[in-house]
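*Asks:* Quick one: the structure is below, and I'll ask about it shortly.
Protein chains: 2
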Amino acid sequence: MSNSKIPKATAKRLPVYYRYLRFLADSGTQRVSSTELADAVKVDSATIRRDFSYFGALGKRGYGYDVRELVDFFKRILRQDRLTSVALVGLDSMGQALLHYNFRQSNNMRISAAFDDDSKLTGTIVAGVPVYPTSEMETQLRDQQIKIAILTVPDEQAQDVADALVKAGVLGIMNFTTTRLNLPKTVRVQNVDLASELQTLVYFLDNYGDKED
Amino acid sequence: MSNSKIPKATAKRLPVYYRYLRFLADSGTQRVSSTELADAVKVDSATIRRDFSYFGALGKRGYGYDVRELVDFFKRILRQDRLTSVALVGLDSMGQALLHYNFRQSNNMRISAAFDDDSKLTGTIVAGVPVYPTSEMETQLRDQQIKIAILTVPDEQAQDVADALVKAGVLGIMNFTTTRLNLPKTVRVQNVDLASELQTLVYFLDNYGDKED
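See the structure below:
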């Protein structure tokens, strides 16, 4: 079955499953039950079994899932065998932290170019990543065939920079600004709003006695 | 009606609504339709109307919602009138970026204490926030009555530090580590997994032609 038939809620959980399965494989665990998985990744076991069934990965009753098989399987699904290059635009402290972070937990994504107009940074290499002036953004993105960008510019520049990214062929943007971007429907935006996440946590603590979802 | 009857999916959207409404109020806008709101915050208008109806905030047909009334209303709901103090544990580059970020978009939360064992940092003030050695964590959290903490320690320390936080009375943790924390049910954990979010974006671009959810 084609991956495009997988519900998007399921798709969002795949990286979480994969990370934990890789941890199990690294620590020599050979099999895992959906209940153990559920406990570790905080997703209920019925949901896990349903998610896995979309891929035809069926555990055996009384045995569970073979860890190595699942890891190999998710590696293919998530294209872990292929490196995806990502651009980062805007080197404020969050941008710089993301450069150092460089998604090191994952082995298939890498920030390979950063853009900023701070003349102290352009032309240098920060945390292994070359920093270009934004005037070179379009050329570099096209030359390096980068389709995904992380946006950490000041809010008031966000829309203009996003427009330029799209013009240069970017199809996915991880947006750390609080600007809600207006972009063509062909571009996927993932908003990361840390203040709202923290505020939600405050709200839940004020209003709910438990942590169920 | 009590806030605790509000669906949690609705609760998660409240900070997003509030931020945009405040922006409208600041720019002098007096009224807004659910369609305009929908377009700005990328939530469909039927969902917005249903969300608002939980609070008895009903727009008038052909008029929409009164922006000032909604802002005042959300301010009460989200307790924007009261400052919530938050602790940050672990001053790697991400921790330091969060200190500088200090949730400045929001006016009701503030990181008021940071903890780390780097002797170059302890006893100093970074981005306006005092940095204490972790040996003082329990005392400081109790003295300052801090109930919410941001966890940016190395993964292998995450569980131990989280246990110590809970022992000191913390009820909510924003977890930037990739460790899935095992904590009492009374503690709410919000996992922020930037690598998985980016991986999900890559996956969607590979498998879906559009950006619908």
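For the record, the sequence lines run as chains X and Z.
According to our numbering, the stretch in the first sequence is residues 1018 to 1230, in order.
According to our numbering, the stretch in the second sequence is residues 1018 to 1230, in order.
Yeah, the Cβ is synthetic: ideal placement off N, Cα and C, and Gly gets one too.
With H, G and I counted as helix, E and B as strand and the rest as coil, what does DSSP make of X/N1125?
*Replies:* coil
*Asks:* For X/V1084, which option in X/V1058, X/T1046, X/K1092, X/S1062 has the closest C-alpha, if you only look at C-alpha atoms?
*Replies:* X/T1046
*Asks:* List the residues of chain Z that X/L1182 touches, going by C-beta distances under 8 Å, in chain order.
*Replies:* Within 8 Å Cβ-Cβ: nothing; X/L1182 doesn't reach chain Z, min ~13 Å.
*Asks:* Could you compute how far the alpha carbon of Z/A1144 sits from the alpha carbon of Z/R1127?
*Replies:* 12 Å
*Asks:* Please list, in chain order, the residues of the region 1210 to 1223 of chain X that have any C-beta partner in chain Z closer than 8 Å.
*Replies:* D1210, L1211, A1212, S1213, E1214, L1215, Q1216, T1217, L1218, V1219, Y1220, F1221, L1222, D1223
*Asks:* Does the region 1056 to 1063 of chain Z come close enough to the region 1106 to 1114 of chain Z that 3 or more CB-CB pairs lie under 8 Å?
*Replies:* no
*Asks:* Using 10 angstroms around the beta-carbon of X/T1169, count the other beta-carbons present and answer buried if the total reaches 16, otherwise exposed.
*Replies:* buried
*Asks:* Looking at the unbroken alpha helix (DSSP H) that takes in X/S1050, where does it start and where does it end?
*Replies:* It is not in any alpha helix (DSSP H) - X/S1050 carries neither H nor E in the DSSP assignment.
*Asks:* Counting only the same chain and skipping the five closest in sequence on each side, list residues whose C-beta sits under 8 Å from that of Z/R1096.
*Replies:* Around Z/R1096: N1125.
*Asks:* Counting only runs of 4+ residues fully inside the region 1166 to 1203 of chain Z, write out the alpha helix (DSSP H) ranges in chain order.
*Replies:* 1172 to 1184
*Asks:* If you follow the beta strand (DSSP E) that X/V1219 is in, where does it begin and where does it stop?
*Replies:* No beta strand (DSSP E) contains X/V1219, which is instead part of the alpha helix (DSSP H) from 1211 to 1224.
*Asks:* Quick one: residues in its chain with C-beta nearer than 6 Å to the C-beta of Z/I1163, no 5 flanking neighbours on either side, listed in chain order?
*Replies:* Closer than 6 Å at Cβ, skipping near neighbours: S1102, A1104.
*Asks:* Of the choices X/L1115, X/T1195, X/S1152, X/V1219, whose alpha-carbon is the least far from that of Z/F1193?
*Replies:* Checked all of X/L1115, X/T1195, X/S1152, X/V1219; the closest Cα to Z/F1193 is X/L1115.
*Asks:* Taking 8 Å as the threshold (C-beta atoms), are X/G1073 and X/Y1082 in contact?
*Replies:* no
*Asks:* Taking Cβ to Cβ, would you say X/A1130 is nearer than 8 Å to X/P1147?
*Replies:* yes
*Asks:* Have a look at X/F1091, X/D1135, X/I1094 and flag the residue whose alpha-carbon is nearest the alpha-carbon of X/G1112.
*Replies:* X/D1135
*Asks:* Given Z/Q1207, which residues of its chain have a CB within under 6 Å of its CB, disregarding the five upstream and five downstream residues?
*Replies:* The residues are M1191.
*Asks:* Assign X/R1205 to one of three DSSP states: helix, strand, or coil.
*Replies:* strand
*Asks:* In chain X, what lies closer than 8 Å to Z/Q1113 by C-beta?
*Replies:* S1110, A1114
*Asks:* Pop quiz: Z/T1195 and Z/D1210 are said to be a contact at Cβ under 8 Å. What is the actual Cβ separation, rounded to whole angstroms?
*Replies:* 7 Å
*Asks:* Quick check: what's the CA-CA separation for X/V1033 versus Z/H1117?
*Replies:* The alpha-carbon atoms of X/V1033 and Z/H1117 are separated by roughly 29 Å.
*Asks:* Helix, strand or coil for Z/T1068, going by three-state DSSP, please let me know.
*Replies:* Before going further, note that residue 1068 of chain Z is Asp rather than Thr in the sequence given. Note: Z/D1068 maps to helix in three-state DSSP.
*Asks:* Can you check DSSP and say which residues form a bridge with Z/G1081?
*Replies:* Z/K1077
*Asks:* Spatial neighbours of Z/S1019 within its chain, please: C-beta separation below 6 Å, excluding the five flanking residues on both sides.
*Replies:* Its pLDDT being 47, under 50, Z/S1019 is placed unreliably in this model, and the value from its coordinates should be taken loosely. Nothing listed; no residue qualifies.
*Asks:* Among Z/Y1220, Z/P1150, Z/L1087, Z/Q1157, which residue has its Cα nearest to the Cα of Z/F1040?
*Replies:* Z/L1087
*Asks:* Report the option in X/S1050, X/R1036, X/R1030 whose CA atom is closest to the CA atom of X/Y1080.
*Replies:* X/S1050
*Asks:* Would you say X/D1227 lies against chain Z (beta-carbon separation less than 8 Å)?
*Replies:* Any answer about X/D1227 is weak, because its pLDDT of 46 lies below 50 and its placement is not dependable; what the coordinates show is given next. So yes, X/D1227 belongs to the interface.
*Asks:* Output the distance between the C-alpha atoms of Z/Q1161 and X/Q1174, rounded to the nearest integer angstrom.
*Replies:* The straight-line gap separating the alpha-carbon atoms of Z/Q1161 and X/Q1174 is approximately 37 Å.
*Asks:* Please list the partners that Z/I1165 has in chain X, where partner means a Cβ-to-Cβ separation under 8 Å.
*Replies:* L1215, L1218, V1219, L1222
*Asks:* Who are the Cβ neighbours of X/L1038 in its own chain at under 7 Å, not counting the five residues just before and after it?
*Replies:* Closer than 7 Å at Cβ, skipping near neighbours: V1084, L1087, V1088, F1091.
*Asks:* According to DSSP, what are the bridge partners of X/T1101?
*Replies:* X/M1126
*Asks:* In three-state DSSP terms, what is Z/F1132?
*Replies:* strand
*Asks:* Thinking C-alpha only, which one of X/R1093, X/I1023, X/Y1035 is nearest X/D1068?
*Replies:* The option with the nearest alpha carbon to X/D1068 is X/I1023.
*Asks:* Where do the ends of the beta strand (DSSP E) carrying Z/V1033 lie?
*Replies:* No beta strand (DSSP E) contains Z/V1033, which is instead part of the alpha helix (DSSP H) from 1025 to 1043.
*Asks:* For a test of the three-state rule: what should DSSP assign to Z/V1060, helix, strand or coil?
*Replies:* coil
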